Structures are given as structure tokens and as C-alpha cells.
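A short worksheet on the structure shown next.
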Amino acid sequence: FLKKLPTEGAHVIQGPGENAGVVDIGDGLAAVFKMESHNHPSFIEPYQGAATGVGGILRDIFTMGARPIALLDSLRFGPLDQPRNRYLLSGVVAGIAGYGNCIGVPTVGGEVSFNEIYNHNPLVNVFCLGIARADRIFRGRASGVGNPVIYIGSKTGRDGIHGATMASDSFDECSESKRPTVQVGDPFTEKLLLEACLELMEQDLLVGLQDMGAAGLTSSSCEMASRAGTGIELELANVPRREPGMTPYEVLLSESQERMLLVAKPGREGDVLDICKKWDVDAAVIGRVTNDGLLRVKEQGAVVAEVPARALTEDAPTYERPAEAPAYQDFLQSLQLELI
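Our numbering puts the sequence shown at residues 9 to 348.
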């Protein structure tokens with residue numbers, strides 16, 4: 009349905025397919041914006057679910073080269089006469105406010121509604137707006153064969169593994185066991201990551217960059233390679249970790265927050281690492297861009313995974329869900345409005 013909406017225009021700099029939309033607002037400036045949901049994590053762990061939703065949408069904005077300036081939210085909960093719904097409301101509101109306040113981006117407005125249909129499925133939607141120079145929009149593309157691939161941000165842990173899978177599950181009051189799949193946010197680290205990324209872009213050191221969101225390192229590397237028509241080779245032994253004994257599977261699927269994947273210009277690795285050190289942000293060169301279209305993953309030099317990047321992005325199977333016209337549709341279409 010979304011593909012049927014118009015996405016092009018004289019002022020549209022970037023439509024669907026990137027981390028955020030970009031519209032020219034004149035005077036050499038562009039508005040960069042996006043809305044995203046974090047419904048299921050917020051049902052399981054409302055504070056962290058909502059907080060990391062804010063963190064993720066902020067990263068999508070500054071990944072494009074924009075400084076985030078405002079947040080909005082649209083929330084739906086079940087009736088407040090039920091204790092669980094009151095718990096969800098207070099946790100979600102606190103999570104949104106807490107993360108935004110710590111990173112210095114205000115929540116300037118929002119709306120909330122209550123209905124019993126949301127008893128076991130609260131909706132937590134967050135919108136972020138940023139401002140960028142219209143001629144300096146960055147995209148999540150791994151261009152330039154041989155260019156270094158650099159990891160920056162928080163160290164990788166086991167939090168959030170299978171978080172993306174969990175978002176497609178159905179939940180009930182017994183979903184407490186799924187709390188470990190909810191990511192844990194650190195807005196103070198994200199503030200440092202924000203400033204480091206904006207300086208890296210201002211210094212013209214980067215070819216592209218991508219937030220490590222759902223599926224973490226796997227999705228970010230495949231998305232960047234697929235958009236550019238290239239491949240990426242990763243060496244997991246170089247990935248900063250905060251937990252010992254992590255398997256390649258865990259490192260690839262971790263959804264630890266406040267992490268970015270960069271593709272730097274050739275020979276500029278040292279400059280990138282120096283700026284990250286200045287902002288006290290962990291950084292390491294973990295791979296390179298290749299020309300074979302594959303995501304190739306190594307651990308201590310041994311290949312542990314190899315898959316076409318497009319197989320996990322554009323060429324992934326598409327769901328064909330069963331659908332039929334509702335019984336009342338023919339009746340409604342037969343009505344003559346001028347007689348009503």
C-alpha cells in the first residue's frame with residue numbers, strides 16, 4: 009500500500025530506500041525526517057523499548073548528515089483501569105522523555121489514545137526531525153572497492169539478539185521471558201556517537217554510513233553493500249565486544265544499541281579513528297568493500313558465513329498474505345451518495 013503513495017517531487021531530495029526522507033526547504037537547507045514504531049519491545053519492557061525506539065530514530069536522522077532537533081510521538085494503549093496498561097503508559101512515556109532529555113533533543117509534541125483493542129498490542133510511534141545542508145546528504149552505501157569498513161560506537165554484547173524476530177511474534181501476559189531480547193539504551197554514548205559522526209561527515213572522511221538496527225551487523229553490512237552493488241568482507245575478531253565467548257552468530261545478530269557501520273575514504277582510517285578517540289567512542293577497522301556482491305564473514309581468518317548481500321535485502325522472499333474483499337464492499341459501492 010505504501011508503494012502506491014507519491015514519493016517524488018521537485019523538493020524531494022531522498023525518498024524511500026534510505027535511512028530517512030529528505031526534503032529541500034530552501035536557503036540551502038534540508039529537512040530530514042522519519043517515523044518508526046517500537047511496539048513489541050515496548051510491550052515487553054516499556055522503558056527500554058520506548059527509549060531504544062527514540063535512539064534508533066535519532067541515529068537514522070544523523071546518519072543522513074543532519075542534526076536532530078525535535079521528536080514527536082503517537083501512542084496507543086488499552087484502558088487505564090487495567091494495571092498493566094498503566095504500567096505500560098508510565099514506562100513508555102518515561103523512556104521517550106528520558107532518552108530525548110539525555111541526548112538533548114526535545115519531544116515537542118505528541119498524541120495518545122486509549123482503546124481496549126490495544127490491551128495486548130500498544131503502539132509506540134516516534135518521529136524525528138533533523139536539519140542538514142541540502143548539498144551534504146549522506147547515504148548508507150558501501151561504495152569503492154577496497155575502502156575500509158569501520159565499526160564505531162558501543163561494544164557488542166548479547167542484548168537484543170533475535171530482537172527483530174521477536175517483533176513479529178504475538179505476545180501475552182506471559183512474555184516476561186522475552187525481556188532479554190529488548191535492547192538496552194545508553195543515551196550518553198549516543199550523544200558522543202552523534203557528535204563524532206557529524207564531525208566525520210563535516211571533515212569529508214566518509215563514503216557512507218549505516219545505523220546497526222534490527223539484526224545489527226548483518227543488516228547494516230548487507231544494506232550498505234546491496235545499495236551500492238558491492239560486497240563486504242568482515243573480520244569478526246576485530247569487533248569490539250563487552251562479553252567474552254560470543255559466537256560469530258551472536259556477534260552478527262546482536263542488537264546492542266548506539267553502534268554505526270562506516271565506509272571511509274581510502275587511506276583515511278587513521279583520521280576516522282582519531283576523531284572517534286577524541287569523542288571517547290570505540291572504533292575499529294573490521295573489514296573492506298569487495299566487488300563480488302557477497303557478505304563474507306571471517307573469524308580469525310576462517311570463513312564462517314558467506315551469502316549474497318541482496319539475498320537478505322532486495323531479493324528476500326515477499327509474503328503473499330491471503331486477502332479477500334469484505335462482504336460489505338459491494339453494498340457500499342452500490343450506494344448513490346446523492347440520494348443519502
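Note that the Cβ used here is the ideal one computed from N, Cα and C, for glycine as well.
If you're wondering where the values come from, they're calculated on a predicted model, not measured in any experiment.
Requested in this report: Following the continuous alpha helix (DSSP H) through GLN308, name the residue where it begins and the one where it ends.
Outcome: Note, GLN308: premise wrong, no alpha helix (DSSP H); not H, not E.
Query raised in the report: When we look at the beta-carbon of GLU26 and count the other beta-carbons within 10 Å, is it buried (16 or more) or exposed?
Result: Residue environment for GLU26: buried (at least 16 other C-beta atoms within 10 angstroms of its C-beta).
Query raised in the report: Ordered along the chain, which non-local residues of its own chain (more than five positions away) have a Cβ less than 8 Å from that of GLY36?
Result: ARG141, ALA142 and ASP143
**Report entry** DSSP three-state assignment for LYS273, whether helix, strand or coil
**Finding:** coil
Query - Chain-order list of residues whose beta-carbon lies under 6 Å from that of GLU241 (same chain, five-residue window excluded) - result: GLY295, ARG296, THR298 and ARG304
**Report entry** Candidates ALA324, GLY193, ALA291 and VAL31: closest to PRO49 by CA position
**Finding:** GLY193
**Report entry** SER229 versus ILE348: straight-line alpha-carbon distance, rounded
**Finding:** Within the model, the alpha-carbon separation for SER229 versus ILE348 is close to 57 Å.
Query raised in the report: Just checking my contact of ILE77 with ILE139 at CB under 8 Å: how many whole Å lie between their CB atoms?
Result: 6 Å
Query raised in the report: Would you say the segment 256-276 touches the segment 156-172, given that touching needs at least three Cβ pairs under 8 Å?
Result: yes
Query raised in the report: Can you list, in chain order, the stretches of the alpha helix (DSSP H) that have 4 or more residues and sit fully within the segment 182-251?
Result: 195-210 and 224-236
Query raised in the report: GLY154 and PHE122 look like a contact to me (Cβ under 8 Å); what is the Cβ gap, rounded to whole Å?
Result: Their Cβ separation, rounded to whole angstroms, is 55 Å, which puts GLY154 and PHE122 out of contact at 8 Å.
Requested in this report: Helix, strand or coil for PRO316, going by three-state DSSP, please let me know.
Outcome: The three-state reading of DSSP puts PRO316 in strand, counting E and B together.
Query raised in the report: For PHE122, does the three-state DSSP call read helix, strand or coil?
Result: strand
Query raised in the report: Between the segment 247-263 and the segment 116-134, do three or more beta carbon pairs fall short of 8 Å?
Result: Touching, no.
Query - ALA39, buried or exposed, once every other Cβ within 10 Å from all chains shown has been counted against 16 - result: By the neighbour-count rule (16 or more Cβ atoms within 10 Å), ALA39 is buried.
Query raised in the report: Who does VAL157 pair with in a DSSP beta bridge?
Result: VAL271 and GLY295
**Report entry** Continuous beta strand (DSSP E) stretch holding ARG75: start and end
**Finding:** 75-85
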